[in-house]
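Student: Residue numbers (full-length UniProt numbering): 1 to 476.
Glycine included, every Cβ here is placed at the ideal spot set by N, Cα and C.
One structure, as structure tokens, below. Some questions next.
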Ligand SMILES: Nc1nc2c(ncn2[C@@H]2O[C@H](COP(=O)(O)OP(=O)(O)OP(=O)(O)O)[C@@H](O)[C@H]2O)c(=O)[nH]1
Ligand SMILES: [Mg+2]
């Protein structure tokens, strides 16, 4: 009988354990999106911060792996795709820890970060095999505007032009689009292209889109890449615009138009955009996502008024098309997405008093409701919640006309002064005319609180519930 030394035995045990550990590594790809300024960067920064700092002033009691004492630690590891920019966690977190604290800077494209979370398995068979397991989480941040482009894939240039022209002719866009529409009315679509003229008109169309988004607070922006061009800035593929005079031209002339006349070139660029930009995003990125969170800032449009809110409603309906996987769905015909959990979160919930949170969730439900039914048939688990990634206010009570009313207190972003206010009520359904007439909601931007320290986790609302929904089943 052969004897082996204790040191050899230990070595063997270690190897076996390494083997088991390696074989039970799991991966999950978590995609975070939302229209610009919806709170993606703050969300990912807080999510990473909560996981890295778990243990010090833990605030994750609804995250089972933490609650059950099985969470060991998380660390950042090199990201999966080297050609995708890194999510700038350090810069974003440092801004929140400054004195006075600042919000992270706006970002304008896709970025990625990978975490390794070590934990003790509980319910799975794994608990007999190993002491600890590792879940690798790939987090991707991408603009929600990119999802607004999915419907383009089923449209011809003519159809898209007609749809967009109709939108440009309606309030509130019409008064700003008037000059642009007049210019297009004068232009000969069959004349030989002057690239400078085309670039100039495309620039004017892009400026209109930027104005719609940032001044009017509108959400339906197409093509989405025009306001967030990333590495495509100034590329001819982003230099086109809708042609507004289809009712005045002969359809045979249009079909036969060559690429060297205006309308031919506009059509060619539109087709190229669909192929190289829209389709490519879905093929290269979207199909690899396992879990998706869509952030929606419902409060800013509520504050902006009826037009802005109605536009958010339309944009949400367009965004939902990316998750309609049914046999007939455009997406499943073209690609094979695999997202199985989808979370819609109303962000910046710290802007309202706590008793309004249920209204905020009800309102968000109304925005996504129609497809929610469809989604449950398609086997995607779906949830809506109200969160604050980085809580910037404190809740209190104030006396008003002899009554105690809930209030929030925070530092106003504009002048850094501490204010206490009741910001108003959030409707629990799509707002009525009466709601808009009362101007029932007052949105004040707050600065982040002073409390963040490098070794502490950021104050938040319901990030633990969000983590439980998106990752809980992977950390059993
Ligand atoms: N009070 C509060 N404000 C928030 C929160 N999250 C985001 N904000 C505010 O919303 C702004 C936009 O947040 P970002 O995280 O930069 O949003 P984004 O979606 O990454 O924006 P882009 O990079 O421009 O697409 C911030 O500068 C804050 O003013 C939050 O949890 N609470
Ligand atoms: Mg961002």
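Who are the Cβ neighbours of residue 61 in its own chain at under 7 Å, not counting the five residues just before and after it?
Tutor: Residue mapping note: residue 61 aligns to position 61 of the chain shown, counting from 1. Excluding residues within five positions, the ones whose Cβ falls inside 7 Å are 67, 464.
Student: Name the two residues that bound the continuous beta strand (DSSP E) containing residue 403.
Tutor: The residue labelled residue 403 in the question sits at position 403 within the chain shown. Looking at the DSSP string, the run of the beta strand (DSSP E) that includes residue 403 is 403 to 411.
Student: Once DSSP output is grouped into helix, strand and coil, what is the label at residue 432?
Tutor: Translated into positions along the chain shown, residue 432 becomes position 432. In the structure shown, residue 432 sits in coil (DSSP, three-state: anything other than H, G, I, E or B).
Student: At what residue ranges does the stretch 106 to 169 contain a whole run of the beta strand (DSSP E), taking only runs of 3 or more?
Tutor: 111 to 119, 133 to 141
Student: With respect to 7 Å, is the separation between the Cβ of residue 106 and the closest non-hydrogen atom of ligand 2 below this value?
Tutor: Here residue 106 is taken as the residue at index 106 of the chain shown, counted from 1. It does: the Cβ of residue 106 is within 7 Å (strictly closer) of some heavy atom of ligand 2.
Student: Report whether the distance from the Cβ of residue 118 to the nearest heavy atom of ligand 4 is below 7 Å.
Tutor: Here the bound small molecules are ligand 1 and ligand 2; ligand 4 is not part of this structure.
Student: Taking C-alpha atoms, which residue in 289, 25, 164 lies nearest to residue 340?
Tutor: Here residue 340 is taken as the residue at index 340 of the chain shown, counted from 1. Residue 289 is the option with its Cα nearest to residue 340.
Student: Go through its chain and collect everything with a Cβ distance to residue 470's Cβ below 7 Å, but skip five positions before and after it.
Tutor: Position 470 of the chain shown, counting from 1, holds the residue named residue 470. Only 30, 291, 293, 341, 343 meet the Cβ criterion.
Student: Could you tell me whether the Cβ atoms of residue 408 and residue 147 are closer together than 8 Å?
Tutor: Here residue 408 corresponds to residue number 408 of the chain shown, with the count starting at 1. Here residue 147 corresponds to residue number 147 of the chain shown, with the count starting at 1. No, they are not a contact pair.
Student: As a quick exercise: from 383, 279, 466, 247, pick the residue whose alpha carbon is nearest that of residue 336.
Tutor: For the purposes of this step, residue 336 is identified with residue 336 of the chain shown, where counting begins at 1. Of the candidates 383, 279, 466, 247, the residue whose Cα lies closest to the Cα of residue 336 is 279.
Student: Return the residue from the list 168, 91, 238 that minimises the CA-CA distance to residue 44.
Tutor: Within the chain shown, the letter at position 44 stands for residue 44. Comparing Cα-Cα distances from residue 44 to each of 168, 91, 238, the minimum goes to 91.
Student: Using DSSP's beta-bridge definition, name the partner residues of residue 419.
Tutor: Here residue 419 is taken as the residue at index 419 of the chain shown, counted from 1. 410, per the DSSP bridge assignment.
Student: What would DSSP say about residue 356, mapped onto helix, strand or coil?
Tutor: For this step, residue 356 is matched to residue 356 along the chain shown. Correct three-state label for residue 356: helix.
Student: DSSP puts residue 293 in a beta bridge; with which residues?
Tutor: Stepping through the chain shown from its first residue, residue 293 is reached at position 293. 32, 343, per the DSSP bridge assignment.
Student: Strictly by DSSP, which residues pair up with residue 73?
Tutor: On the chain shown, position 73 is the one that residue 73 refers to. For residue 73, which the question treats as bridged, DSSP gives the partners 118.
Student: Pull up the distance between the alpha-carbon of residue 419 and that of residue 47, whole angstroms please.
Tutor: Taking the first residue of the chain shown as position 1, residue 419 is located at position 419. Taking the first residue of the chain shown as position 1, residue 47 is located at position 47. Whole-angstrom Cα-Cα distance: 28 Å.
Student: Smallest Cα separation from residue 472: which of 75, 122, 248?
Tutor: Counting from one through the chain shown, the residue named residue 472 turns up at place 472. Selected option, being the one with the closest Cα: 122.
Student: Quick one: measure Cβ to Cβ for residue 104 and residue 161, integer angstroms, because I've assumed they're closer than 8 Å.
Tutor: Your numbering for residue 104 matches position 104 in the chain shown. Your numbering for residue 161 matches position 161 in the chain shown. The Cβ separation is near 38 Å, so there is no contact.
Student: Rounded to the nearest angstrom, how far is the Cβ of residue 296 from that of residue 220, given a contact under 8 Å?
Tutor: The count along the chain shown starts at 1 and reaches residue 296 at position 296. The count along the chain shown starts at 1 and reaches residue 220 at position 220. Contact doesn't hold; Cβ gap of about 14 Å is too wide.
Student: Given this structure, state the Cα-to-Cα distance separating residue 39 from residue 352, to the nearest angstrom.
Tutor: Here residue 39 refers to the residue found at position 39 of the chain shown. Here residue 352 refers to the residue found at position 352 of the chain shown. Looking at the two C-alpha atoms, the distance is approximately 16 Å.
Student: Going by DSSP, what residue range makes up the alpha helix (DSSP H) through residue 206?
Tutor: Taking the first residue of the chain shown as 1, we reach residue 206 at position 206. Here the alpha helix (DSSP H) through residue 206 covers 195 to 214.
Student: Measure the Cβ-Cβ separation of residue 369 and residue 412 and say whether it is below 8 Å.
Tutor: As a working mapping, residue 369 is identified with position 369 in the chain shown. As a working mapping, residue 412 is identified with position 412 in the chain shown. No, Cβ-Cβ distance for residue 369 and residue 412 is not below 8 Å.
Student: Given that a residue counts as buried once 16 or more other Cβ atoms are within 10 Å of its Cβ, and exposed if not, what is residue 22?
Tutor: For the purposes of this step, residue 22 is identified with residue 22 of the chain shown, where counting begins at 1. Any reading at residue 22 needs caution, since the residue's pLDDT is 48, under 50, leaving its predicted position unreliable; the model's value is listed next. With fewer than 16 other Cβ atoms from the protein chains shown falling within 10 Å of its own Cβ, residue 22 counts as exposed.
Student: Grab the span of the beta strand (DSSP E) containing residue 385 for me, first residue to last.
Tutor: Position 385 of the chain shown, counted from the first residue, corresponds to residue 385. That run of the beta strand (DSSP E) goes 381 to 386.
Student: Using CA coordinates, which residue listed in 175, 380, 228 is at the minimum distance from residue 109?
Tutor: The residue given as residue 109 occupies position 109 in the chain shown. The residue with the shortest Cα to Cα distance from residue 109 is 228.
Student: According to DSSP, simplified to helix, strand and coil, what is residue 513?
Tutor: Nothing can be reported for residue 513: it is not among the residues displayed for the chain, which extend from 1 to 476.
Student: Count the C-beta pairs between the stretch 188 to 195 and the stretch 242 to 261 that are closer than 8 Å, then say yes if the count reaches three, no if not.
Tutor: yes
Student: Per DSSP, what kind of secondary structure is residue 389 in: helix, strand or coil?
Tutor: Here the question's residue 389 lines up with position 389 in the chain shown. Correct three-state label for residue 389: coil.
Student: Using the Cα positions of residue 459 and residue 255, report the straight-line distance between them to the nearest angstrom.
Tutor: Your numbering for residue 459 matches position 459 in the chain shown. Your numbering for residue 255 matches position 255 in the chain shown. A straight line joining the alpha-carbon of residue 459 with that of residue 255 spans about 59 Å.
Student: If you draw a straight line from the alpha carbon of residue 461 to that of residue 73, how long is it in whole angstroms?
Tutor: In the chain shown, the residue the question calls residue 461 occupies position 461. In the chain shown, the residue the question calls residue 73 occupies position 73. Their Cα atoms are separated by approximately 22 Å.
Student: In the DSSP assignment, what residue or residues form a beta bridge with residue 470?
Tutor: As a working note, residue 470 is residue 470 in the chain shown. In the DSSP output, where bridge partners are listed per residue, residue 470 has none listed.
Student: Among all the DSSP beta bridges, which residues are the ones paired with residue 192?
Tutor: Here residue 192 is taken as the residue at index 192 of the chain shown, counted from 1. DSSP lists 261 as partners of residue 192.
Student: Give me, in chain order, the residues of the same chain whose beta-carbon lies closer than 8 Å to that of residue 37; leave out the 5 immediate sequence neighbours on both sides.
Tutor: Position 37 of the chain shown, counted from the start, is the residue given in the question as residue 37. Excluding positions up to five away in sequence, the list reads 106, 297, 300.
Student: Does DSSP classify residue 464 as helix, strand or coil?
Tutor: Start at 1 with the first residue of the chain shown, and residue 464 comes out as number 464. Correct three-state label for residue 464: helix.
Student: Tell me whether residue 22 sits in a helix, a strand or coil according to DSSP, three-state version.
Tutor: Counting from one through the chain shown, the residue named residue 22 turns up at place 22. Interpretation of residue 22 is limited by its pLDDT of 48, a score under 50 that renders its predicted location unreliable; no figure is taken from the coordinates.
Student: Whole angstroms are fine: how far does the CA of residue 75 sit from the CA of residue 323?
Tutor: Against the chain shown, residue 323 aligns to sequence position 323. Against the chain shown, residue 75 aligns to sequence position 75. The straight-line gap from Cα to Cα measures roughly 31 Å.
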